[in-house]
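Enquirer:
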Amino acid sequence: MKNIIISDEIKACAPDLKVIQIEAEVKNTPTGDELWAELCEVERELSTALSVPDINRRPGIAATRTAYKACGKDPNRYRPSNEQLSRRVVQKKGLYRLTTLVDIINLVSLKAGYSIGGFDADHIEGENVVLGIGRHDEPYCGIGRGPLNIEGLPVYRDAKGGIGTPTSDEERTKLSESTTHLMMLVNVYGEEMPIEGTRDWLCRLLVRYAGADPDTISCRIISAVG
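Using my numbering, you'd call the opening residue of the sequence shown number 14 and step up by one each time.
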């Protein structure tokens, strides 16, 4: 597994942070009907249960926004992905049917309330991935967004540069249909769905829909406090 390091600057801003790290050999395909039905059911549940003002009161989203402010970023201008996704559902704008791995992430993010990074591990440079804070004019190309101002955002960096923030992952390490080695990072700034339950559910989904071998999935929980 890649070595995930939480920097002191993040520990100071988000001392309660925990990160679920999962790595697995997978097959990424267009999303099948069974997975899509699961995602649509969660979409219906949330769009019925929540209004727009409720979204930022979800524990996982509220805590992520608090961490953004502590790091120096306005969460109303650079919304975390879990908030973006929840707002889309509650506003009944509909979800896009994408690939198995991306829609597994979307399913769990919606239900659990966490921002989840999904990476093609074969495109990550080096063995260490360090979570720090984005710097002024640091180059970063968000998936489908182009150049993204990550100054003040929590950012995962490999040996080459940024690969993921809770707002958007980077083009260089994005998931594609050719991805066979997945690394997933679940950012738990504040607990909503129990952490162990979230981890176990993700692993089951990878086995069921993405061809992962349950005996070779690697996972661990990393805490900012050690």
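By construction, the Cβ of each residue, glycine as well, lies at the ideal position given by its N, Cα and C atoms. Since the structure is predicted, the reported quantities are computational estimates derived from the model, not experimental observations.
Does the stretch 117 to 133 come within contact of the stretch 190 to 205, defined as at least 3 CB pairs closer than 8 angstroms?
Expert: Because the criterion of three Cβ pairs below 8 angstroms is met, the stretch 117 to 133 and the stretch 190 to 205 touch.
Enquirer: Please list the segments of the beta strand (DSSP E) lying wholly inside the stretch 93 to 162, counting only runs of 3 or more residues, in order along the chain.
Expert: For the stretch 93 to 162, whole beta strand (DSSP E) runs of length 3 or above, ordered along the chain, are 128 to 133, 141 to 146.
Enquirer: With a CB to CB cut of under 6 angstroms and the five nearest residues on each side skipped, what residues in its chain are close to TYR241?
Expert: Because the chain spans 14 through 239 in this model, residue 241 falls outside it and cannot be assessed.
Enquirer: With DSSP run on the structure shown, which of helix, strand or coil describes GLY177?
Expert: Taking the sequence shown and counting its residues from 1, one reaches residue 177 at position 164. Residue state, collapsed to three classes: strand.
Enquirer: If we call anything under 9 angstroms between Cβ atoms a contact, is ILE156 one with SER181?
Expert: The residue given as residue 156 occupies position 143 in the sequence shown. The residue given as residue 181 occupies position 168 in the sequence shown. Taking 9 angstroms as the Cβ cut-off, ILE156 and SER181 qualify as a contacting pair.
Enquirer: Name the DSSP beta bridge partners of ARG233, please?
Expert: Counting from 1 along the sequence shown, the entry for residue 233 is found at position 220. In the DSSP output, where bridge partners are listed per residue, ARG233 has GLN34.
Enquirer: Taking THR84 as the reference, give the member of VAL220, GLY165, ALA225, THR229 with the closest Cα.
Expert: Along the sequence shown, read from residue 1 onward, the residue named residue 84 stands at position 71. One detail in the question is off: residue 84 reads as Cys in this sequence, not Thr. Checking every option, the nearest Cα to that of CYS84 belongs to GLY165.
Enquirer: Pull up the DSSP beta-bridge partners for MET197, would you.
Expert: Stepping through the sequence shown from its first residue, residue 197 is reached at position 184. BP columns for MET197 point to ILE35, GLY131.
Enquirer: Give me the Cα-Cα distance between ILE230 and ILE33, rounded to the nearest whole angstrom.
Expert: Position 217 of the sequence shown holds residue 230. Position 20 of the sequence shown holds residue 33. Rounded to the nearest angstrom, the two C-alpha atoms are 13 angstroms apart.
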